[in-house]
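Using this note's numbering, the letters of the sequence shown correspond one by one to residues 1 to 424. Backbone N, C-alpha and C define an ideal beta-carbon position, used for all residues, glycine too.
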Amino acid sequence: MSLFTKNRGRLSSLALTLALLSPVALATNGINLIGFGTESTLMGGADIAVARDTSALNTNPAGLTQIHGQAFDGFASGLRTFDLSHKDSFGNDKHADNKYTFLGGGGYAMSIDSVPCTAGIGLFSQGGAGGVFKNINTAFGNRDDMSSLFAMAKISPGVGCKINDAWSVGASLAITYASVKQKFFPNTSVGAVPFAGYKLDDASALKVGFKLGVQYRVNPSLTLAATYTEKTELPLTDGELDANYSGMGLGVVKYRNASVMGLALPREAALGLAFKPVDAWLLSFKVNWINWADAIKSVTLRATDPENSLAPADYQIVTAGDWKNQWVFASGLAYNWNELTTLYAGYNYGNNPIPAQNSSPLLAGILDHHITLGAARQISRQWRLTGGLEYMLPVKENYTSPLFGNAEVRNEALFLHLMLSRRW
């Protein structure tokens, strides 16, 4: 038994305690958040050429070299959806029943006296997707529930080192925990298995990936940066599934081995620059290529080992993915209002990677445009408080589905981000 297998329960509990993901859509740049920590997010995710706090572990680990001494950042976010809604041909036009999501995380880093390096470890809510819709009209003439919670959290140890005054390089591991729970019309069963609703619990994955980063300081006013993130497969296993076979006279049958295959965190490559036209202003830009086409092609839900031997031995649903590659363009600014206060603003755009015909209310509509505003205040020599808002502009996607007919999914949301930082 491997170390990861033995400690999977502890790591997953820690990750989910920090992530605190409720079953509401988090989809932003695909299924990733636009930024990590408040400065990264409030500059619109244009972070890899800035990356000067512990969130560098998950943005650009080369930026850790800007931390001297010790640093701690603890951050929390709250999401309020305004229009996370599903509309279809069966009379539904309903907002998701859970409107709030809360996230948390943090990081610690320390410079190493004997070498020009800084090492650290961070805990991050990576992202997710989903929605909860209770008591909706179905294509079978009844009312039932559908919901999905796909959540990802990450533990990232890493190190950044200065090669010389101009060049810094870094690397971090990404110990990613992902889990999924779903209900899809669990109280519905029609005929000899033309349709059997289900409830899926506790399928999860614990996998390791990595990120590499570099920063090049051309001069005191200009920094160039690049990062590479490797693909991380997320085979979700060890779940249980309850299938409704009432149409066959078997009632609800539990399958003791359920899995979801075909999900992954994608390969990414990003380029960025940060420019200071004058001492008080910092402008930052990032272009990020996200290889969703290789990460999500199709998703297979499969359950075996039924408790009732009369039930089908294999319950399987294959869902088309065919996601497209995504380009994300991010820009941000930081303005030092005075010695104690910094103002932030940013904009992030990422094209929707999901083909319209493969849309779903359980993906809740990928958000394209994000606007951010915020501020940081030095409250003492060691402590700093940063906060701000991230507004996700309204998005609507129309599609046709055998189970929903002509359907529509809408999304609009607002994030509140806070971070308390200490340097010593």
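**Prompt:** Based on Cα-Cα distance, which residue from F140, D305, L271 lies nearest to T223?
**Reply:** Nearest option by C-alpha distance: L271.
**Request:** Specify whether the segment 116 to 126 and the segment 57 to 72 touch according to this definition: at least 3 beta carbon pairs, one from each stretch, less than 8 Å apart.
**Result:** Enough Cβ pairs lie closer than 8 Å, so yes.
**Request:** State the Cα-Cα distance for the pair Y228 and H369, rounded to the nearest angstrom.
**Result:** So the alpha carbons of these two residues sit roughly 23 Å apart.
**Request:** Report yes or no: do three or more beta-carbon pairs, one from the segment 146 to 155 and one from the segment 173 to 184, lie closer than 8 Å?
**Result:** Yes, the segment 146 to 155 is in contact with the segment 173 to 184.
**Message:** Between Y216, L173, A293, which has its C-alpha nearest K207's C-alpha?
**Reply:** Taking only the C-alpha atoms, the option nearest K207 is L173.
**Prompt:** F285 bridges to which residues according to DSSP?
**Reply:** Answer is L273, S331.
**Item:** Alpha-carbon spacing of Y391 relative to Q126, whole angstroms
**Value:** Just so you know, the alpha carbons of Y391 and Q126 end up roughly 18 Å apart.
**Among S85, S360, E412, L389, nearest to P402 - alpha-carbon criterion** = The shortest C-alpha separation from P402 is found at S360.
**Asked** By a C-beta neighbour count over all protein chains shown, 10 Å radius and 16 as the cutoff for buried, is T188 buried or exposed?
**Response** By the 10 Å Cβ count, T188 comes out buried.
**Request:** Could you tell me which residues DSSP puts in a beta bridge with S125?
**Result:** Beta-bridge analysis with DSSP links S125 to A153.
**In DSSP terms, what H95 is bridged to** = In the DSSP output, where bridge partners are listed per residue, H95 has S85.
**Request:** Return the Cβ separation of Q326 and N348 in integer angstroms, given the expectation that the two are a contact with Cβ distance under 8 Å.
**Result:** About 12 Å; that fails the 8 Å criterion.
**Request:** Let me know the beta strand (DSSP E) ranges lying completely inside the segment 212 to 286, each 3 residues or longer, listed in chain order.
**Result:** For secondary structure counted as the beta strand (DSSP E) over 3 or more consecutive residues, the segment 212 to 286 holds these complete runs in sequence order: 222 to 229, 236 to 245, 251 to 261, 268 to 275.
**Asked** DSSP on L420, reduced to helix/strand/coil?
**Response** Strand, per DSSP.
**Asked** Closest to T176 by CA distance: which of T138, K231, G239 is it?
**Response** Put simply, of T138, K231, G239 the residue whose alpha carbon is nearest the alpha carbon of T176 is K231.
**Request:** With DSSP as the reference, label T54 as helix, strand or coil.
**Result:** T54 falls in the coil class under three-state DSSP.
**Prompt:** When you compare only the Cα positions, how much space is there between F210 and V190?
**Reply:** Between the alpha carbons of F210 and V190 lies a gap of roughly 46 Å.
**Item:** Residues that DSSP places opposite M146 in a beta bridge
**Value:** For M146, which the question treats as bridged, DSSP gives the partners F133, F184.
**Prompt:** Cβ of G346 within 8 Å of Cβ of G37?
**Reply:** No, these two residues do not count as a Cβ contact at 8 Å.
**Cβ neighbours of T41 in the same chain (closer than 7 Å, five flanking residues each side left out)** = If the five residues before and after T41 are omitted, its C-beta is found closer than 7 Å to the C-beta atoms of I34, G35, T372, E390, H417, all from its own chain and listed in chain order.
**beta strand (DSSP E) segment containing L42, residue limits** = Where L42 is concerned, there is no enclosing beta strand (DSSP E), although the alpha helix (DSSP H) it sits in stretches over 38 to 42.
**Item:** Cα-Cα separation between L301 and L200, rounded to whole angstroms
**Value:** Each residue's alpha carbon lies about 9 Å from the other.
**Message:** Given a cut-off of 8 Å on the beta-carbon distance, is the pair G158 and S168 in contact?
**Reply:** Not closer than 8 Å, so no.
**Request:** Please confirm whether G213 and G249 have their CB atoms less than 8 Å apart.
**Result:** Between G213 and G249, the C-beta spacing is not below 8 Å.
**Residue span of the alpha helix (DSSP H) that contains A345, given as start and end** = No alpha helix (DSSP H) contains A345, which is instead part of the beta strand (DSSP E) from 341 to 350.
**Asked** Is DSSP giving D201 helix, strand or coil here?
**Response** Looking at D201 - three-state DSSP - the assignment turns out to be strand.
**Prompt:** Is DSSP giving Q382 helix, strand or coil here?
**Reply:** Taken through DSSP and simplified to helix, strand or coil, Q382 comes out as coil.
**Item:** G141 burial status per 10 Å Cβ neighbour count (16 or more: buried)
**Value:** G141 is exposed by the Cβ-count criterion.
**Request:** Following the continuous alpha helix (DSSP H) through D480, name the residue where it begins and the one where it ends.
**Result:** In the structure as shown, the chain begins at 1 and stops at 424. Residue 480 is therefore absent and cannot be evaluated.
**Message:** With a threshold of 7 Å on Cβ separation, who are the neighbours of G239 within its own chain once the five nearest residues in sequence on each side are excluded?
**Reply:** If we look at G239 and ignore the five residues flanking it on each side, its Cβ neighbours are L200, D201, D202, A203, A258, S259.
**Prompt:** Going by the beta-carbon positions, is the gap between N79 and A413 smaller than 8 Å?
**Reply:** Per the sequence shown, the amino acid found at residue 79 is Leu instead of Asn. The criterion of a C-beta distance shorter than 8 Å is satisfied by L79 and A413.
**Prompt:** How would you write the range of the beta strand (DSSP E) that F102 sits in, first residue to last?
**Reply:** It spans 100 to 112 - the beta strand (DSSP E) in which F102 sits, taken as one unbroken run.
**First through last residue of the beta strand (DSSP E) which encompasses T300** = The continuous beta strand (DSSP E) containing T300 extends over residues 298 to 306.
**Item:** A226 and K286 closer than 8 Å at C-beta
**Value:** It is not a contact, given that the beta carbons lie outside the stated cut-off.
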